[in-house]
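Following: one structure in structure tokens, then a few remarks.
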Amino acid sequence: GMVFDFVTQQAFDISIMILICLNMVTMMVETDDQSKDTEDILYWVNFVFIVVFTGEFVLKLFALRHYYFTNGWNIFDCVVVILSIV
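UniProt numbering puts the first residue of the sequence shown at 1, with every later residue one more than the last.
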């Protein structure tokens, strides 16, 4: 009940979209000649994004159960999260 209500709110979707945009910005900042410190910071920022997106996936899967896979965007999200972890 509560988890379903949480993950189906528009505010939740908007928050995830904002995080996706911020993640894209951090990927655009990466360069070939960046310092080791910058590389380490970007690694950990990316790690945090992966943890958050994995959490989103798990919460939605828990709330929606097998209905999670009836939405094409959820399937895409699932594949992206799994590939990010691997």
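Built from N, CA and C at the ideal position, the CB exists for glycine as well.
- Item | Same chain, Cβ closer than 7 Å to Cys78, five either side skipped, listed in chain order | Phe57
- Message: Taking only three categories from DSSP, how would you classify Asp40?
- Response: helix
- Could you tell me the distance, in whole angstroms, from the CA atom of Gly55 to the CA atom of Tyr67? 18 Å
- Query: Going by beta carbon distance, what residues of the same chain come within less than 7 Å of Val45, once the five residues before and after it are set aside?
  - Reply: Thr26
- Taking the Cβ atom as the reference point for each residue, do Ile41 and Ser84 lie within a distance shorter than 7 Å? no
- Reduced DSSP secondary structure (H/G/I, E/B, other) of Ser15: helix
- What whole-angstrom Cβ distance do Ala63 and Val29 have, given they're in contact under 8 Å? Going by Cβ atoms, the distance from Ala63 to Val29 rounds to 33 Å, so no, they are not a contact pair.
- Message: Using only the alpha-carbon positions, how far apart do Asn23 and Asn71 sit?
- Response: 23 Å
- Item | Where the alpha helix (DSSP H) through Asn74 begins and ends | 72-85
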